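S.K.: Can you read through this structure? Questions will come right after.
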Amino acid sequence: MKVPLTWLREFVDVDLPPEELAHRLTMSGTEVGSIDVIGGTWDNVFVAQVDSIDPHPNADRLKLATVTLHGEQVTVVCGAPNIAAGQLVAFARVGACLVDPRTGDIETLRAATIRGVESAGMVCSERELALGDDHAGILVLPEDAPIGATLSEYLGDVVFDLEVTPNRPDCMSILGIAREVAALTGATLREPDLSYAEEGEPVEGAVSVEIVDASLCPRYTASVIRGVQVGPSPRWMQDRLLRAGQRPINNVVDVTNYVMLEMGQPLHAFDFDTVAESRIVVRPAGEQEPFVTLDEAQHVLRPPMLVIADGARSVALAGVMGGLNTEMTDATTSVLLESANFNPVNTRRTSQALRLRSESSSRFEKGLQPELAEAALRRATRLILEVAGGTGCQGIADAYPQPAPRPTLRFTLARVRKVLGVDIDAPHVYGILTSLGFGVTVGSDGAMHVEVPYWRSDIAQEDDLVEEVARITGYDELPTTMISTPVPHRSPQPEREARERVRDLMVECGMQETISYSLTSAASLETSKPADAPSPLRVANPMSSELEYLRTTLRSGVLSTLAANRQQARDGVRLFEMGRVYLPREADLPLERETLVGVLAGPRSPESWQSVNERMDFFDAKGVVEMLMSRLRLPCAFQPAEDALFMPGRCSAVLTGDAVVGVIGEVHPRTLEQFDAADEAVALFELDVDAITSAVSTEPVRYRPIARYPGALRDLAVVLDAGVPAAQVQAIIERETLVSHATLFDVYEGAGVATGKRSLAYRVLFQAADRTLVGDEVSRAMEGIVAALEREVGASLRG
Amino acid sequence: MTSNPTPTDLEELQASALRELEQAASSEAIEQWRVAYLGRRGRLTQVLRGLSSLAPDERRTAGAAANRVKAVLEERLAGAEENVRLGRLQAIAEEGRIDVTLPGRHVPVGRLHPTTQMVREICDAFASMGFQVVEGPEVEWDYYNFEMLNIPKDHPARDMWDTLWIDHVDAQGERPMLLRTHTSPMQVRTMQNAEPPVRVVVPGKCYRYEATDATHEWHFYQVEGLAVDEGITFADMKGTLYEFARLIFGSERKVRFRVDFFPFVEPGAEMAIDCFVCKGGGCNVCKGTGWIEILGAGMVNPTVLEGVGYDSSRYTGFAFGMGVERIAMLKYGIDDIRLFYGNDLRFLQQF
Ligand SMILES: [Zn+2]
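The listed protein sequences derive, respectively, from chains A and B. Heads up, the first sequence is in the working numbering, so the first residue is 11 and it goes up one at a time. Heads up, the second sequence is in the working numbering, so the first residue is 47 and it goes up one at a time.
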């Protein structure tokens, strides 16, 4: 919303500098985005009269203009074809800053000699003054321009660009801002003049107005003006419209826009001679009703979209846009002026359904009040008569089936204190409310009864009035305290805490956290998802096909991140992401499951002077998972698994207890190629964090005594089928009660071991809590282990 | 040996022994020396053996002198052996000289995402003021995201939140499911599940249908806050948020509250901090105003309180919400929000 200061001053005196006014508006809720000063550079430019024009002695196309300024006559050379004696013009003296019409740069005017005649000044064009594009001739000022005044006093302006919040449609108008300024500065508001000479025939005989459904159109007012002369608006109106961002069209249409900007009420002017039967019917559109709007767009309407119809057809889409069939033209002589109130929801739905938003519809959908319609109609009728001539009919047509009661709210100082935390005295509160146009009376119970003015559609409850008091007082004037009520009881959240620990443990493992988008493409989900993943939820209005589906796995995100960081991958990359996957449920919100994914690729350590140049693989990923589970004090086990993302035989399920909580593997080269991720091994794990955190014990650790008796170490090397999992061998060894722990220190296949077999070598620690073991005991236990290994997995001692 | 050792003989023996020991630099030379003087055939041993042929008186005198010499030699021997041992260790140490300026051995370094760090810092600041951290769903019902927050269907205020809708149509033909546009639905969920007093902060991902540029991202994090009890005021809101700003941006920060509009609060506010870049002089961070907007806030609208069954004549409260990335951008001087989820390691590894 653009507000020229000169227009604002029509309704309220403003003594503050523009920056201070902008600050006060901003602080009280109407944010000033920018301040544009028009004529800020017009030093040494004055309103002056051209006394005489003489031919230039040495040039046919040039003239000599003699101008009187402050009692002094100055003659300057001028080339403009439209200059004439008697005109009032913008005269620049030497030293003025003007726009160079060729370059657009600002230049300081110097005295010059042109074709032998000295010229100490200039008669300016619009372009030279940065007022417009016109440079065909000089700017001719109206006859009432004040001779001798500076041009900036006369034509200068300051335009505020305001951001109005959607609850304040009243502030989408010059008058509304003037009311704010009056309340903020203590100045008095001057209401706009609504009166006009009603010299024509009675309006009742000229037009009839009927509303079919008052819930869609609470009020419809109209006036009729005959004998108008359509043409350009006067300069002052065009200037104001342009500064407010509205392009002038013709005087009648300009008035409707002018009053919309001034008072906030959209209006529409029909060429009355095209309105069939001089009849207006406000009714829902028919099913599949075709309609062509002013912008020549074809629409198909349906109820309850609202139309304005005449005796024969629809002539406007109510509150959104007029129809092409009744458009004003230069030949129009009779005007039917509409100022109505339309249902905000229906207007919004209509403009959204037709994808047709107009300034009118965006105003109606915020909720305007029926009272405004009549005031704006009278103001616009007055202005049309002023700028386009003609005769106004007596009275106005006014269909207003159920006049809205003006709401009254009960309001107490106790509530102000309760909400704001400070006592504000009654005169101050009274002063604020009345300055904003509220009617305030004090009831027998001491409470205020506050009548809400019609333009404040946002005020519906007592706390809305509290805000008015707070915002006009100024939030910074209110006290600042700390909460004095007791801290509420906190319920423990072990799972949330465990989740954050998982993040920290990943970092401890040297993993870099990443966060990727929750939406992804069908293709990347398809490439990376586990076989049992449900089909993902789709966004109905995706921004692109890359951001269409809610992820059901984090795999694609982390692989994309890996691909995007190929350069860094040369030094080794360890990444993790912890976030949600979204698993659809029938007729319910999806299950949002917290998931952890990690990826490791490249050399274990970057190239260096002591480089060992080993590449990370499955076991690096597994080490991270083992570390995580160990730190969370959860048992974990691994079982060979199948998953299309991974290379066959390089994939393991992760279990805690009996539950599968994740998967580890080396990513299949086919997948890597699809993600363009890397040409080397990429180890990846994905864990169900919710399953893990819910298994974490909240009990404190129970200390176990450290073994007091020395243990005995024995080495055990066995040869067995290569397909027997080492974990199974380990489990058999550790099943022996005297075994405290077995460490696998060598895995060997090759010479000396039969094909298809391998050798596993363990260092086994035998230990008892209550005694030092003797050699015999250890030997017997070893024999038992060897026998069990032979029996259960066909192992034999390596000779 | 035919003659008795005289005291002069013993002195000479001691002097020559010590002289020789002085020259013995290796453990082998020391051993040779030990054999030569203290060994079974060593010179001093022979002197001591020769004593047996003396008369008892002489024997006593000469024996005492010889034993004194023996004690001196043995002590010096021990000292010499210790010196050689220390010398050998020193030599080992000397050989181990390295270039200490060579780079250290690689230990992988992990870091939390800057958003995670910022979320934690913000939540910790409020936790210190008695707020508990809770989380809610990212896929939400229209009911919680809008309706219960005083943003009815077909209300123009909905334009403040461009929404990504889930492709799911209910029996009424409506699309009731969406990606939450703010963390505010957790205000409603929290109050529906608990009686006052309530004091929570809610971090989490939010989504908007929005084109991305240096300051806009369709996928972002917010931290929401809510405090409701009997006796909580606008002044308390100002105090709490002021304290937050000081905890995050430094104790010398000043704050400014201006009027703003959010349908679920009344009165509504926006808080700005004084620009710590230009100290109020005006720069491009604060767009020349000297103030940087950091969050929206306000007193919980009575309509919202009544909607969850709270008695709005008894209970009051405040709510606030802020964009985590914006706070991080200000704090760390980041000029493009797209860096956060672009996952360029050269960015992430700076935090
Ligand atoms: Zn600044």
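We put the beta carbon where it would ideally sit given N, CA and C, even for glycine. Here the structure is a predicted model, which is why all the values come from computation and not from measurement.
1. Could you pull the start and end residues of the beta strand (DSSP E) that S750/A belongs to?
2. At what residues does the alpha helix (DSSP H) containing C324/B begin and finish?
3. Enumerate, from N- to C-terminal direction, the unbroken beta strand (DSSP E) stretches of 3 or more residues contained entirely within the stretch 122-152 of chain A.
4. Hey, V240/A and A398/A are a contact pair by Cβ (cut 8 Å); roughly how many whole angstroms apart?
5. Determine, for D4/A, whether the minimum Cβ-Cβ distance to residues of chain B falls below 9 Å.
6. I want to know whether the stretch 366-375 of chain A touches the stretch 245-253 of chain A - three or more CB-CB distances under 8 Å.
7. Along the chain, where does the beta strand (DSSP E) containing G271/B start, and where does it finish?
8. Less than 9 Å between the beta carbons of E270/B and Q238/B, yes or no?
9. Could you check how far apart the C-beta atoms of D77/A and G158/A are, in whole angstroms? I think they sit under 8 Å.
10. I want to verify the contact list: residues of chain B whose CB lies under 9 Å from the CB of W465/A, in sequence order.
11. Mind reading off the beta-carbon distance from V325/A to F280/A? Whole number of angstroms is fine, and I expect it under 8 Å.
12. For the stretch 245-271 of chain B, which residues have a beta carbon sitting closer than 7 Å to at least one beta carbon of chain A?
13. If you measure from the CB of I442/A, is any heavy atom of ligand 1 nearer than 8 Å?
14. If you measure from each residue's Cβ to the nearest non-hydrogen atom of ligand 1, which ones come out under 5 Å, in chain order?
15. DSSP on G186/A, reduced to helix/strand/coil?
16. Does the pairing of the stretch 223-230 of chain B with the stretch 365-372 of chain B give three or more beta-carbon distances under 8 Å?
17. According to DSSP, is A5/A part of a helix, a strand, or is it coil?
18. Please confirm if F352/A has its CB atom under 9 Å from at least one CB of chain B.
19. Can you tell me whether R768/A is helix, strand or coil according to DSSP?
20. Would you verify that the beta carbon of F421/A is, or is not, closer than 9 Å to some beta carbon of chain B?
21. For C329/B, which residues in the same chain have their Cβ closer than 8 Å to its Cβ, ignoring the five residues on either side in sequence?
22. Taking just the CA atoms, how far does R641/A sit from L723/A?
23. What are the start and end residues of the alpha helix (DSSP H) that includes V262/A?
24. Going by DSSP in three states, R365/A sits in which element: helix, strand or coil?
25. Please determine, among Y464/A, I406/A, I259/A and V460/A, the residue with the shortest C-alpha to C-alpha distance to M273/A.
26. Rounding to the nearest angstrom, what Cα-Cα distance links R65/B and G142/B in this structure?
27. Please compile the residues from chain B whose C-beta is within a distance smaller than 8 Å of the C-beta of R565/A.
28. On the CB-based measure, 16 or more other CB atoms within 10 Å of its CB, does I116/A come out buried or exposed?
29. Mark G431/A as exposed unless 16 or more other C-beta atoms lie within 10 angstroms of its C-beta, in which case mark it buried.
30. Just to make sure I have the definition right: I need the residues of chain A whose C-beta is within less than 8 Å of the C-beta of D390/B. Which are they?
31. Measure from the alpha carbon of L107/A to the alpha carbon of each residue in G131/A, G89/A and R125/A, then state which is nearest.
32. Look at the alpha carbon of G166/A and the alpha carbon of A75/A, and state the distance between them as a whole number of angstroms.
33. To the nearest angstrom, report how far apart E120/B and P720/A are at their CA atoms.
34. List the residues of chain B that L430/A touches, going by C-beta distances under 7 Å, in chain order.
35. Check each residue of the stretch 144-165 of chain B: if its Cβ is closer than 8 Å to any Cβ of chain A, include it; give the result in chain order.
M.R.: Well, looking at it:
1. V749 to Y758
2. That residue, C324/B, is in no alpha helix (DSSP H); it is neither H nor E in DSSP.
3. If you keep only unbroken beta strand (DSSP E) runs of at least 3 residues inside the stretch 122-152 of chain A, you get 122-124 and 127-129.
4. 7 Å
5. What the structure shows of chain A is the stretch from 11 to 809, and residue 4/A is not part of that stretch, so it cannot be assessed.
6. Between the stretch 366-375 of chain A and the stretch 245-253 of chain A there are fewer than three C-beta pairs closer than 8 Å, too few to call the two in contact.
7. Per DSSP, G271/B belongs to the beta strand (DSSP E) from H265 to D275.
8. no
9. Contrary to the premise, residue 77/A reads as Val rather than Asp in this sequence. 11 Å between Cβ atoms; not a contact.
10. Going along chain B, no residue has its Cβ under 9 Å from W465/A, so there is no contact; the nearest lies around 16 Å.
11. Yes, they are in contact, since the Cβ atoms of V325/A and F280/A sit about 6 Å apart, within 8 Å.
12. Only those residues of the stretch 245-271 of chain B whose C-beta falls short of 7 Å from the nearest C-beta of chain A are listed: R245, K251, Y255, W264 and H265.
13. Residue side-chain check: I442/A keeps its Cβ at 8 Å or more from all non-hydrogen atoms of ligand 1.
14. Those residues, listed in chain order, are C321/B, V323/B, C324/B, C329/B, V331/B and C332/B.
15. helix
16. The count of Cβ pairs closer than 8 Å, one atom from the stretch 223-230 of chain B and one from the stretch 365-372 of chain B, reaches three, so the stretches are in contact.
17. As displayed, chain A neither begins before 11 nor continues past 809, which places residue 5/A out of reach and without an answer.
18. no
19. strand
20. So no, F421/A is outside the interface.
21. Answer for C329/B: C321 and V323, listed in chain order.
22. 27 Å
23. Counting along the chain, the alpha helix (DSSP H) containing V262/A begins and ends at N261 to M273.
24. Three-state result, R365/A: coil.
25. Y464/A
26. About 33 Å.
27. Neighbourhood of R565/A in chain B, by CB distance below 8 Å: empty, with the nearest CB roughly 14 Å away.
28. exposed
29. buried
30. A574 and N575
31. Looking at the sequence provided, one finds Cys at residue 107/A rather than Leu. Out of G131/A, G89/A and R125/A, G131/A has the C-alpha closest to the C-alpha of C107/A.
32. Rounded to whole angstroms, the gap between the alpha carbons of G166/A and A75/A is 25 Å.
33. So the two alpha carbons sit approximately 42 Å from each other.
34. T279, F280 and A281
35. L148, P149, R151, H152, V153, P154, V155, G156, R157, L158, H159, T161 and T162
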